[in-house]
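Asks: Got a structure here, written out as structure tokens. Questions coming.
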Amino acid sequence: MENSRIEQIKKFLTQTPDDTFLNYALAIEFVAVSKNEEAMKIFQKLIKNNPEYSATYYQFGKLLLKENDRQGAIKIFEDGILIARKNNEHHAASELQAALNEVLFDEE
Numbered sequence: 001m002e003n004s005r006i007e008q009i010k011k012f013l014t015q016t017p018d019d020t021f022l023n024y025a026l027a028i029e030f031v032a033v034s035k036n037e038e039a040m041k042i043f044q045k046l047i048k049n050n051p052e053y054s055a056t057y058y059q060f061g062k063l064l065l066k067e068n069d070r071q072g073a074i075k076i077f078e079d080g081i082l083i084a085r086k087n088n089e090h091h092a093a094s095e096l097q098a099a100l101n102e103v104l105f106d107e108e
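Under the working numbering, residues 1 to 108 are what the sequence shown spells out, in order.
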């Protein structure tokens, strides 16, 4: 049985299935309970349907790193930086840049 937050978000999504924040929140909840495949599908859908929502890029990139997809994470962080800068979201751009730098300069 899924946790109550996931169930609540899913209930809200039946009323507004394209709500960006609700879909993002559902993906975050899936990550929290290690349902990474489900989270990845939602993040991919969010980027396709609402590429301007910069928060998606940071969380999706972190999940890709968790799944050992370093190159995928780098691409997502880079894309997110471009979106955040385009939208004058300086804090988001800074967080994405820090995440990218961490990946690029990680010695593995």
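We put the beta carbon where it would ideally sit given N, CA and C, even for glycine.
Work out the CA separation of residue 23 and residue 17 for me, nearest whole Å.
Replies: About 8 Å.
Asks: Classify residue 23 as helix, strand or coil using the three-state DSSP reduction.
Replies: Residue state, collapsed to three classes: helix.
Asks: Indicate whether residue 57 and residue 83 have their beta-carbon atoms separated by less than 8 Å.
Replies: Result yes, Cβ atoms of residue 57 and residue 83 sit closer than 8 Å.
Asks: Applying the criterion that 16 or more other CB atoms from any shown protein chain within 10 Å of the CB defines a buried residue, is residue 30 buried or exposed?
Replies: Classification of residue 30: buried, given that the 10 Å Cβ count is 16 or more.
Asks: What residues in its chain sit with their C-beta under 7 Å from that of residue 97, if we drop five residues either side in the sequence?
Replies: If we look at residue 97 and ignore the five residues flanking it on each side, its Cβ neighbours are 81.
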